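Student: Each residue of the first sequence is one higher than the one before, counting from 195 in the numbering used here. Yeah, the Cβ is synthetic: ideal placement off N, Cα and C, and Gly gets one too. Computed from a predicted structure; not experimentally measured. Below is one structure. I have some questions about it.
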Amino acid sequence: MSSSALSLPLTVQPHHRSSSASSPASPSQLKQLHAHLLKAGIPLSSAVSLSDVASLCGVSDAASFAYARSLFRHCYSSTTPELILWNSCLNALSSSSPSDALLLFSRLRFADILPDTFSCSFTLKACSRTSSLSLGKAVHALIEKLGFQVDVFLLNTLLHMYCRCEAMIDARRVFETMPVRDVVTWNILITQYTKLGVMEIARELFEVMPERSVRSWTALIAGYVQCGQPKEAIQLFQEMENAGCQPNEVTVVAALAACADLGALDLGERLCKYAKSCGFLKNVRVCNTLIDMYIKCGCVDIARNVFDGMTERTVVSWSAMIGGHAMHGQGEEALELFTKMEESGIRPNSVTFVGLLHACSHMGLLDEGRRFFTSMIEDYGLVPEIEHYGCMVDLLSRAGLLEEAHEFIRKMPVEPNGVVWGALLGGARVHKDIKMGEEAIKHLVKLDPSNDGYYVVLSNIYADAGHFDAAAQVRRLMRDQGVKKTPGWSTITINSVTHEFVAGESKHPQTEEIYKKWDELLHEMKLRGYVPDSSVVLLDMDEAEKEHVLYRHSEKLAVVFGLMNTPPGSTIRIMKNLRVCSDCHAALKLISEITDRQIVVRDRNRFHSFKNGTCSCRDYW
DNA sequence: TTAGGGTTAG
C-alpha cells in the first residue's frame with residue numbers, strides 16, 4: 195500500500211500489505227493515516243504494513259518509539275508473537291537504515307526480550323553494513339550463549355559480518371569451527387579474499403570447496419577482473435563453460451568486463467549473443483558492461499546501438515557512452531549526448547564529467563571545458579577530483595595556455611599527481627615550451643622516478659628545439675636514475691588467437707615475411723612523403739640505426755601482420771600498452787591510405803582510428 | 001521474515 199493508500203486512505207485494500215522492499219511511510223504520514231483510519235472505522239492492522247511500522251522504529255526519540263510499539267500491539271498482538279514484529283522491523287531497517295536496526299536491537303535487549311536466530315541474523319547484517327565490529331562481536335557472544343552455533347544460515351551471516359569488517363582472524367576462526375558449511379560459506383570467504391586482492395587464497399579455497407555454484411565461479415571471475423587479471427578471468431570463464439555451469443547475468447557482466455580490459459572482441463561478441471538469447475539484455479548492468487566492452491574493443495558504433503536500444507538507462511549507461519565517444523575522438527557526439535542526458539532527467543555524476551572533460555580536451559574545446567568544470571561545481575554540487583583537475587590541465591596546456599595551466603595546478607586544493615604534471619608536460623611538448631617542460635619533469639621525477647615516458651617527452655622537447663646536448667643529458671639522467679625503458683608491445687587478435695609483438699623482438703614465426711612486407715610498404719610510404727621521425731628514439735646511435743629501431747616499433751609490426759593475415763578491406767584492430775609514438779602515428783595514417791584499410795589502435799589513453807590517410811584524433815592527442 | 005557474485009573514470 196503505502197504512498198497510494200496514504201494519498202487516498204479510504205480506498206485501502208483490507209488485506210493488501212506492502213512488501214518490505216517498498217518505501218515505508220514517514221512517521222507523520224503514518225500518524226495521519228492512523229487518525230484517518232480510526233475515524234473511518236477501518237481496522238489498523240489491515241492498513242499498516244510492517245515496513246511502515248519499521249520506519250517508525252527508526253525514529254530515535256522515545257515518544258515515537260513508544261508510539262510504534264503501541265501500533266505493534268494494537269495491530270497484531272492478538273494473533274502474532276511480538277518477536278516476529280521486532281524481527282520484521284529489524285529486517286526492514288537492516289537494509290534501509292542499518293544504524294536504526296542496531297538501535298532497535300539494543301531496545302529489544304533492554305526490553306528483556308530474548309532474540310532468536312532471525313533477530314541475530316538481521317542485526318549482524320546491520321553490523322556488516324555499518325562496519326560495527328564490536329557490536330558484531332557482542333552478537334557473536336550472544337549466539338554462543340544462546341546455543342545458536344549450529345545454524346548454518348546464522349553462522350554464514352556472522353562470517354559475512356567479520357569479512358565485511360575485514361576481521362579475517364575472526365572470520366577464519368568462525369569458518370574453521372563451523373560444524374556444517376555449505377556452498378554459501380565458501381563463497382563468502384572466497385569473495386572476501388578477492389576483495390582483499392589475495393587471489394591465491396581465493397583460488398585455493400575455490401579448488402578445495404566440495405561443491406560449486408554459479409556464484410562460486412562468478413565470484414572468482416569477478417575477483418580476477420577487479421584485481422587486474424582479465425586473462426585469468428577469461429580462462430576461468432572457459433573452465434566454467436567446460437564444467438557445464440550456465441553463466442548468469444552477473445557472470446556475463448564479469449566476463450564482459452574482462453573482455454573490455456583485454457580488448458577481446460571475439461569473446462565479447464559471443465557473450466553478447468549468449469546474453470541476448472538468455473534475455474539478459476533487459477538487465478541494465480549487462481547492457482552497461484556490454485557498451486563498455488564494445489567501446490574498449492574499438493566498436494563505438496555498436497556500443498551506441500546497444501545504448502540507443504536500451505529501454506532503461508542509468509547514470510552509468512550515459513557516462514559510459516559519453517566517455518566512449520570522448521575516447522574515440524567524437525567530442526560533438528559526447529556533448530550532444532550530455533544534452534540528451536540532462537533532458538532525460540538523469541543527474542550526471544563525477545564520472546560523467548570526467549568523460550565530458552576528456553571530450554573537450556581531446557577536441558580542444560576550451561570554453562566548453564571551462565563551462566563544464568564550473569557547472570559540475572555550481573549546478574551539480576560535485577567536488578572536483580584529481581581526474582577532473584587532470585583533464586583541465588590537459589585542456590589548458592594543449593590549448594597553449596601553459597602559464598594558466600601551471601597556475602591552475604598551484605591553486606589546486608588536492609595534491610597534483612603524475613597525470614596532472616604529465617598533462618602539463620604534454621602541452622609543453624606540443625607548444626615547444628622548454629621551461630614548462632622542465633618544471634613538469636621536476637615534479638614527475640619525484641613522483642614516479644621509474645617512469646621512462648616522461649624522459650622521452652622531455653628529450654623530444656629539447657631535440658625539437660635543437661638542444662641536442664640537453665637531450666643527451668636527459669639520457670644520462672635516465673641512466674643515472676636507473677630508468678629502464680618500458681618495452682612497447684602491441685597485440686592483434688585474429689581468429690581468436692592473440693599475437694603479441696614487442697618492439698625490436700623477432701620472436702614471431704612470420705617475422706621474416708613481416709619485415710619484407712614492411713619494406714614494400716616503406717617504399718610506397720616514402721613516395722608519398724613519409725620522413726621517419728627518429729627524434730622519438732632515445733638511444734645513442736647513428737641515424738640509420740635509429741630508423742631501424744623505429745621500423746621495429748611494435749604497432750608497425752602488428753599492423754603489417756594484420757595486413758598479411760586478414761581479408762582485404764577488413765578493419766585491423768590493435769592494442770598497445772603505451773601511447774602511440776608520433777612516427778607510428780604518421781606511418782599508420784599513410785598505411786591506411788595505401789592499403790585502403792581502417793586501422794583502429796587502442797593505446798593507453800584513447801583510440802586512434804586511421805582511415806584514408808587521416809586519424810580520428812585529428813592529430814590532436 | 002534470515003546469508004554469497006555485477007556496470008561508467010584510471
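1) Just confirm the distance between the C-beta atoms of P542 and V587, as a whole number of angstroms; I'd bet it's less than 8 Å.
2) Spatial neighbours of I603 within its chain, please: C-beta separation below 7 Å, excluding the five flanking residues on both sides.
3) Unbroken alpha helix (DSSP H) runs of length 4 or more, entirely within the stretch 720 to 789: which are they?
4) Label Y656 either buried or exposed according to how many other C-beta atoms from any shown protein chain fall within 10 Å of its C-beta, with 16 as the threshold for buried.
5) Rounded to a whole number of angstroms, what is the C-alpha to C-alpha distance between I755 and S322?
6) For the beta strand (DSSP E) holding R796, just list the boundary residues, first then last.
7) Closest to G563 by C-alpha separation, out of L550, Y574, G575 and E572, would be which residue?
8) If V696 and W683 are in contact, beta carbons under 8 Å, what's the gap, nearest whole angstrom?
9) Would you call F662 buried or exposed, if buried means 16 or more other Cβ atoms sit within 10 Å of its Cβ?
10) Go through the stretch 438 to 507 residue by residue and report every complete run of the alpha helix (DSSP H) that reaches 4 residues or more, in order.
11) In whole angstroms, what is the alpha-carbon distance linking S315 and A286?
12) Alpha carbon to alpha carbon, how far is M630 from L641?
13) For P761, is the classification buried or exposed, using 16 other Cβ atoms within 10 angstroms of its Cβ as the cut-off for buried?
14) Quick one: what does DSSP say C554 is sitting in, helix, strand or coil?
15) What are the start and end residues of the alpha helix (DSSP H) that includes H522?
16) For L596, which residues of its own chain have a beta-carbon under 8 Å away from its beta-carbon, when the five flanking residues on both sides are left out?
17) Out of I580, S748 and R565, state which residue places its alpha-carbon closest to the alpha-carbon of D573.
18) Take G518 as the anchor and find which of E506, G503, V548 and E276 has the nearest alpha-carbon.
19) Taking DSSP's pairing of strands, which residues face K805 in a bridge?
20) Count the other CB atoms within 10 Å of the CB of A448; is the residue buried (16 or more) or exposed (fewer)?
21) On a Cα-Cα basis, can you pick out the residue from M719, T546 and H556 that is closest to Q524?
22) Using only alpha-carbon positions, find the residue among G457, K225, E506 and N799 that is nearest to G539.
23) Where R800 and V668 are concerned, what is the direct C-alpha to C-alpha distance, given to the nearest angstrom?
24) Checking 7 Å against the spacing of the C-beta atoms, do A452 and V419 come in under that value?
25) Report yes or no: do three or more beta-carbon pairs, one from the stretch 642 to 654 and one from the stretch 734 to 745, lie closer than 8 Å?
26) Relative to the alpha-carbon of I428, which residue among V794, S690 and Y709 has its alpha-carbon at the smallest distance?
27) Using 8 Å as the cut-off, can you tell me whether the stretch 713 to 726 makes contact with the stretch 483 to 503, which would need three or more C-beta pairs spanning the two stretches below that distance?
Tutor: Walking through what the data contain:
1) Not confirmed; about 21 Å, so no contact.
2) V587, P610, V614 and L618
3) 737 to 745, 748 to 759 and 776 to 789
4) buried
5) It is Phe, not Ile, that sits at residue 755 in the sequence shown. C-alpha separation (whole angstroms): 53 Å.
6) In this chain, the beta strand (DSSP E) harbouring R796 covers I793 to R796.
7) Across the set L550, Y574, G575 and E572, the C-alpha of L550 shows the shortest separation from the C-alpha of G563.
8) Going by Cβ atoms, the distance from V696 to W683 rounds to 5 Å, so yes, they are a contact pair.
9) Exposed is the call here.
10) 443 to 456, 459 to 472, 478 to 490 and 494 to 503
11) Roughly 12 Å between the two C-alpha positions.
12) 17 Å
13) exposed
14) In this structure, C554 counts as helix in the three-state DSSP scheme.
15) That residue, H522, is in no alpha helix (DSSP H); it is neither H nor E in DSSP.
16) Contacts found: L590, L618, G621, A622, H625, D627 and M630.
17) R565
18) V548
19) In the DSSP assignment, the residues bridged to K805 are T808.
20) buried
21) Here the closest residue by C-alpha is H556.
22) If we check each option's Cα against that of G539, E506 comes out closest.
23) 27 Å
24) yes
25) no
26) S690
27) Pairwise C-beta distances place the stretch 713 to 726 out of contact with the stretch 483 to 503, as fewer than three of them are shorter than 8 Å.
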